[in-house]
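Asker: A single structure is presented below for examination.
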Amino acid sequence: MSNRPDDRSVASKATEVATFILGIALLIVVIDGLPLDVFSPESKSFFFAVGAVGIWRYSWWLIQALRSVWYNRRIFPRLRAEADAAGEQALPPELYVLCTSFRIEPEVSFQVYDALVREVADYGVPTTIFASLSDRTDVDVITHVMEDNGWPENIELRYMFQKGDGKRSAMAEVLRAISRRMPAPGALLVSMDGDIRLEPGTLSRSLSFFSVQEDLGALTTNNSAIVTGGDATKEWYDIRYAQRHLVMSSMSVSRRLLVLTGRYSAFRADLATQPDFIELVENDHVDHWRFGTFKFLSGDDKSTWYWLLKNGWRMLYIPDVHVSGFEELPDRKRFFKSTTDLMRRWYGNMLRTSNRAIALGPRPMGLFTWWSLVDQRLSMWTTLIGPTVAILVTLFIRPSFIFAYALWILFTRGIVTLILAWQHGRYSLLWVPLIYYNQVWGALLKTYVSFRFNRQKWSRQGISAGEPNDPVAVTRQRRMGHVLHGFAYGVLLYVLIIATGVLQPPDRTSLSILTGGGSTEAQSRVDDRWLSLAIADAPEGGSVQLPAGDFHLDDDLLDALEGLDRPRAGHLLGAAEETTRLIVTPELARHLSDPSGRPIAETAACPQPDGCTLELEHHSMRFKDLQIRVEAGRSGDAVASAQQQIKENAKDV
818 MSNRPDDRSV
828 ASKATEVATF
838 ILGIALLIVV
848 IDGLPLDVFS
858 PESKSFFFAV
868 GAVGIWRYSW
878 WLIQALRSVW
888 YNRRIFPRLR
898 AEADAAGEQA
908 LPPELYVLCT
918 SFRIEPEVSF
928 QVYDALVREV
938 ADYGVPTTIF
948 ASLSDRTDVD
958 VITHVMEDNG
968 WPENIELRYM
978 FQKGDGKRSA
988 MAEVLRAISR
998 RMPAPGALLV
1008 SMDGDIRLEP
1018 GTLSRSLSFF
1028 SVQEDLGALT
1038 TNNSAIVTGG
1048 DATKEWYDIR
1058 YAQRHLVMSS
1068 MSVSRRLLVL
1078 TGRYSAFRAD
1088 LATQPDFIEL
1098 VENDHVDHWR
1108 FGTFKFLSGD
1118 DKSTWYWLLK
1128 NGWRMLYIPD
1138 VHVSGFEELP
1148 DRKRFFKSTT
1158 DLMRRWYGNM
1168 LRTSNRAIAL
1178 GPRPMGLFTW
1188 WSLVDQRLSM
1198 WTTLIGPTVA
1208 ILVTLFIRPS
1218 FIFAYALWIL
1228 FTRGIVTLIL
1238 AWQHGRYSLL
1248 WVPLIYYNQV
1258 WGALLKTYVS
1268 FRFNRQKWSR
1278 QGISAGEPND
1288 PVAVTRQRRM
1298 GHVLHGFAYG
1308 VLLYVLIIAT
1318 GVLQPPDRTS
1328 LSILTGGGST
1338 EAQSRVDDRW
1348 LSLAIADAPE
1358 GGSVQLPAGD
1368 FHLDDDLLDA
1378 LEGLDRPRAG
1388 HLLGAAEETT
1398 RLIVTPELAR
1408 HLSDPSGRPI
1418 AETAACPQPD
1428 GCTLELEHHS
1438 MRFKDLQIRV
1448 EAGRSGDAVA
1458 SAQQQIKENA
1468 KDV
């Protein structure tokens, strides 16, 4: 039976109804604006890029979802039965609790410590609570809690004041203090934040797993949120916890996790007091080719996880035990900025640790866990393919394709949120836009942080770290980050442009125009070279479509065509509804004939349906929907002279 709290924060019914109405209106607009030819062959680049990548991404997500169901329905019930059957034998000889607080409101601290003291008293095991505090008022709050609970006999209380340089040093001081007490074999350590409220039965229902799994090094539990903020903030936290539940459950099939959440995790005390464990918590760092050596500011939960992973210890997620976090954005009135700051810190912790975890290889963690770490690095780029392709297709093929992409988002994210709701136990319509926001904006932030992960900031404590002390070096590092980030996304953009075909690479005709090989259509339209290249670039036996207007051609066209290895086009077509006229010299006209084989007249329209024929030594070409006029006495040189005169007149104008 779950100990899910009743006071977790959710959006109001009025917000849900308003979201439903807006969603229906958006769906009507999307369907109405959907192009009729959205499923035509011209749309294949859009559906291939968005659909193919989507199939890959959602196939992997579906595997995670199926593993999550398997764990919650098959594996975990057996593990729960074994842990519950242990009874009194599951109790550890000693329990240590590490609770870190930094400038938390007194009313929140009271609820946190009141729930903790009640839980420890009910658990009945000799327990030492190390309260790592930042303010003397916290001592008064905890004293008040102990008095209200009658100073339970099995609880020993120790206060340790933080240095103010971050959570890591505070944790290391407590762990060293615990190690000096020489914990008894089988003793356990609970590490929790000062804004986490333990629900009734948390200790007894979670710590019992250590007694039946000797290779279990640490575990963590399910989370719920008590949010101070608007409805969007409440559901933003809740959908993150729903996604966390699915991934944690899936990873537990392999007895591994991707993080040991700092909100509430339990460890074997003999592991958490190892000198190298404490050293990693306090002084975890990375040596980087561009940033040099810098210490980690936050992310202690990633450091403890990495130590256990490297040393081959198993980890477990307990889905039917909840702890409640008092959550609040750094700035309640600025949802976008606050969520951006939080995600940037979380993703920075992940990126600073994942490379070295991947470097361990599959052996110490299993192939699935190892590939999940690799996928974290890939997903931040693959997530950007869909919106990037949608923008490209909308800009360069047809604007209404944005409606097709919007329909894709509504469909796929609707299915994803329904699956999350099925496992999480509740649903909100706000999840659909919020999950898309988390995915796309989160992917952009991950790519941003991946080139700047030395820059660290902890908003609550107001401290930052990771960059050099020299301002010149800081500027140089930041500029290089901008360059590398822009280059990486530029490569992705270039690949998508070529792969989808929205912008083809320049052909020989375009290159000839760009390099000044002839004049432009907007000027005199007398470029034989342009037409010869267009004929050569056409498919074998294909056609070249000319726009409406006049084209001045001379016998230089014959020389250009004869100079080609093999002209390919079989037809030269004029505009269907407007007039396309070829003004040719007598030398070129001698190679043109009507369907009866007679030379064309001085002014003629190619008769339909056969049209006129241009006869070359090794190739012939049909002219259709064209008017032809022979301009007597006009040689190729005269045409070139006229072209130059037109250019000069245009410049004068």
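In the working numbering, the protein residues as written are 818 to 1470. For glycine and all other residues, C-beta sits at the position ideal for the given N, C-alpha and C.
1) How far does the beta strand (DSSP E) with I1226 in it extend, from its first residue to its last?
2) How far does the alpha helix (DSSP H) with G1212 in it extend, from its first residue to its last?
3) Using a Cβ-Cβ cutoff of less than 6 Å, which residues in the same chain neighbour L1088 once the five nearest sequence positions on both sides are dropped?
4) According to DSSP, D955 sits in a beta bridge with which residue or residues?
5) Where K830 and M999 are concerned, what is the direct C-alpha to C-alpha distance, given to the nearest angstrom?
6) Evaluate W1122 with the Cβ neighbour count: other Cβ atoms within 10 Å of its Cβ, from every protein chain shown; 16 or more gives buried, anything less gives exposed.
7) Going by the CB atoms, is the gap between V1289 and P1204 shorter than 8 Å?
8) On a Cα-Cα basis, can you pick out the residue from T1078, W1198, S1069, T1045 that is closest to Y1058?
9) Please report the straight-line C-alpha distance between S1410 and I1445, rounded to a whole angstrom.
10) With G1165 and F1270 assumed to form a contact (beta carbons below 8 Å), what rounded beta-carbon distance in angstroms separates them?
11) Is it a yes or a no for the region 1007-1017 touching the region 1139-1156, going by three-plus beta-carbon pairs under 8 Å?
12) Decide yes or no for the touch test of the region 1248-1265 against the region 1081-1099: beta carbon pairs closer than 8 Å, at least 3 of them.
13) Could you tell me which residues DSSP puts in a beta bridge with V870?
14) Which same chain residues, not among the five before or five after V870, have their C-beta less than 7 Å away from its C-beta?
15) Quick one, which of R1149, S1025, A1238 has its alpha-carbon nearest Q906's?
16) In this structure, does DSSP put E1357 in helix, strand or coil?
17) Please report the distance separating the alpha-carbon of L1374 from that of T1292.
18) Which residues bound the beta strand (DSSP E) around D1137?
19) Does DSSP put V1070 in a helix, in a strand, or in coil?
20) Considering Cα atoms alone, identify which of L1309, N1172, W1239 is closest to S1267.
21) So the candidates are V846, D1192, A1406, L896; which of them puts its Cα closest to the Cα of Y1134?
22) Would you be able to state if there are at least three C-beta pairs under 8 Å between the region 1229-1249 and the region 1045-1061?
23) According to DSSP, Y1473 sits in a beta bridge with which residue or residues?
24) Please go through the region 989-1024 and give each complete alpha helix (DSSP H) segment of 4 or more residues, from N-terminal end onward.
25) Going along the chain, which residues of its own chain have a beta-carbon closer than 8 Å to the beta-carbon of H1408, five neighbours each way excluded?
26) Considering only C-alpha positions, which residue in the set Y888, V834, I872 is nearest to R1072?
27) Let me confirm a value: Y1081 is counted as buried when at least 16 other C-beta atoms fall within 10 Å, else exposed. Which label applies?
28) Output the distance between the C-alpha atoms of D901 and R1295, rounded to the nearest integer angstrom.
29) If you compare alpha carbons, which of L1177, F893, R1415, I946 is closest to Y913?
30) Taking buried to mean at least 16 other C-beta atoms within 10 Å of its own C-beta, is S1437 buried or exposed?
31) When you compare the region 971-978 with the region 945-960, are there three or more beta-carbon pairs, one atom per stretch, that lie closer than 8 Å?
32) In the DSSP output, which residue or residues are listed as bridge partners for Y913?
33) Report yes if the C-beta distance between L1146 and F1152 is below 8 Å; otherwise report no.
34) Which value, in whole angstroms, describes the spacing of the CA atoms of K1274 and W1163?
35) Would you kindly report the start and end of the unbroken alpha helix (DSSP H) that includes V1300?
36) Just to confirm, are G1047 and P909 a CB contact at a threshold of 8 Å?
Answerer: On the basis of the supplied data:
1) To locate residue 1226, count along the sequence shown from 1; it is residue 409. In this chain, I1226 is not harboured by any beta strand (DSSP E); it is covered by the alpha helix (DSSP H) spanning 1218-1241.
2) Along the sequence shown, one-based indexing puts residue 1212 at 395. The question names Gly, but residue 1212 is Leu in the sequence shown. If you look at L1212, you'll find it in the alpha helix (DSSP H) that goes 1202-1213.
3) To locate residue 1088, count along the sequence shown from 1; it is residue 271. Excluding sequence positions up to five before and after L1088, its CB lies within less than 6 Å of the CB of G1034, all in the same chain and listed in chain order.
4) The count along the sequence shown starts at 1 and reaches residue 955 at position 138. In the DSSP output, where bridge partners are listed per residue, D955 has none listed.
5) For the purposes of this step, residue 830 is taken as residue 13 along the sequence shown, with counting starting at 1. For the purposes of this step, residue 999 is taken as residue 182 along the sequence shown, with counting starting at 1. The alpha-carbon atoms of K830 and M999 are separated by roughly 54 Å.
6) If you number the sequence shown from 1, residue 1122 lands on position 305. The residue in question, W1122, is buried, as its Cβ has 16 or more Cβ neighbours within 10 Å.
7) Position 387 of the sequence shown holds residue 1204. Position 472 of the sequence shown holds residue 1289. In this structure, V1289 does not lie closer than 8 Å to P1204 by Cβ.
8) By one-based count along the sequence shown, residue 1058 stands at place 241. Nearest option by C-alpha distance: T1078.
9) Counted from its first residue, the sequence shown places residue 1410 at position 593. Counted from its first residue, the sequence shown places residue 1445 at position 628. Straight-line Cα distance between these residues: approximately 11 Å.
10) Here the question's residue 1165 lines up with position 348 in the sequence shown. Here the question's residue 1270 lines up with position 453 in the sequence shown. With 8 Å as the limit, G1165 and F1270 qualify as a contact, their Cβ atoms being about 5 Å apart.
11) Yes: the two stretches touch, three or more of their Cβ pairs being nearer than 8 Å.
12) No, the region 1248-1265 does not touch the region 1081-1099.
13) For the purposes of this step, residue 870 is taken as the residue at position 53 of the sequence shown. In DSSP, V870 forms no bridge with anything.
14) In the sequence shown, counting from the first residue as 1, residue 870 sits at position 53. Its chain contains T1199, I1202, G1203 as the residues whose beta carbon lies nearer than 7 Å to that of V870, once the 5 sequence neighbours on both sides are disregarded; these appear in chain order.
15) One-based indexing of the sequence shown puts residue 906 at position 89. Distance check between Q906 and each of R1149, S1025, A1238 places S1025 closest, using alpha-carbon atoms only.
16) In the sequence shown, counting from the first residue as 1, residue 1357 sits at position 540. In the structure shown, E1357 sits in coil (DSSP, three-state: anything other than H, G, I, E or B).
17) Stepping through the sequence shown from its first residue, residue 1374 is reached at position 557. Stepping through the sequence shown from its first residue, residue 1292 is reached at position 475. If I take the Cα positions, the gap works out to 58 Å.
18) For this step, residue 1137 is matched to residue 320 along the sequence shown. Taken as a continuous stretch (DSSP letters only), the beta strand (DSSP E) holding D1137 covers 1131-1145.
19) If you number the sequence shown from 1, residue 1070 lands on position 253. Note: V1070 maps to coil in three-state DSSP.
20) The residue given as residue 1267 occupies position 450 in the sequence shown. Ranking the options by Cα distance to S1267, first place goes to N1172.
21) Taking the sequence shown and counting its residues from 1, the one referred to as residue 1134 is at position 317. Of the candidates V846, D1192, A1406, L896, the one whose C-alpha sits nearest the C-alpha of Y1134 is L896.
22) Verdict: yes, contact present.
23) This structure leaves residue 1473 out entirely; the chain is present only between 818 and 1470.
24) Complete alpha helix (DSSP H) runs here, min 4: 1019-1023.
25) As a working note, residue 1408 is residue 591 in the sequence shown. So the qualifying residues of the chain are L1375, L1431, E1432, L1433.
26) The residue labelled residue 1072 in the question sits at position 255 within the sequence shown. With distances taken between Cα atoms, R1072 lies closest to Y888.
27) Residue numbering aside, residue 1081 sits at position 264 when the sequence shown is read from its first letter. So Y1081 ends up on the buried side.
28) Locating residue 901 in the sequence shown gives position 84, counting from the first residue. Locating residue 1295 in the sequence shown gives position 478, counting from the first residue. So the alpha carbons of these two residues sit roughly 54 Å apart.
29) The residue you call residue 913 lines up with position 96 of the sequence shown. Minimum Cα distance to Y913 is reached at I946.
30) The residue given as residue 1437 occupies position 620 in the sequence shown. By the neighbour-count criterion, in which a residue is buried when 16 or more other Cβ atoms sit within 10 angstroms of its Cβ, S1437 is exposed.
31) Result yes; three or more Cβ-Cβ pairs closer than 8 Å.
32) Along the sequence shown, one-based indexing puts residue 913 at 96. For Y913, which the question treats as bridged, DSSP gives the partners T945, L1006.
33) One-based indexing of the sequence shown puts residue 1146 at position 329. One-based indexing of the sequence shown puts residue 1152 at position 335. It is a contact, given that the beta carbons lie within the stated cut-off.
34) Counting from 1 along the sequence shown, the entry for residue 1274 is found at position 457. Counting from 1 along the sequence shown, the entry for residue 1163 is found at position 346. Looking at the two C-alpha atoms, the distance is approximately 11 Å.
35) In the sequence shown, residue 1300 corresponds to position 483, counting from 1. Counting along the chain, V1300 sits inside the alpha helix (DSSP H) bounded by residues 1288-1317.
36) By 1-based counting over the sequence shown, the position of residue 1047 is 230. By 1-based counting over the sequence shown, the position of residue 909 is 92. A distance of 8 Å or more separates the beta carbons of G1047 and P909.
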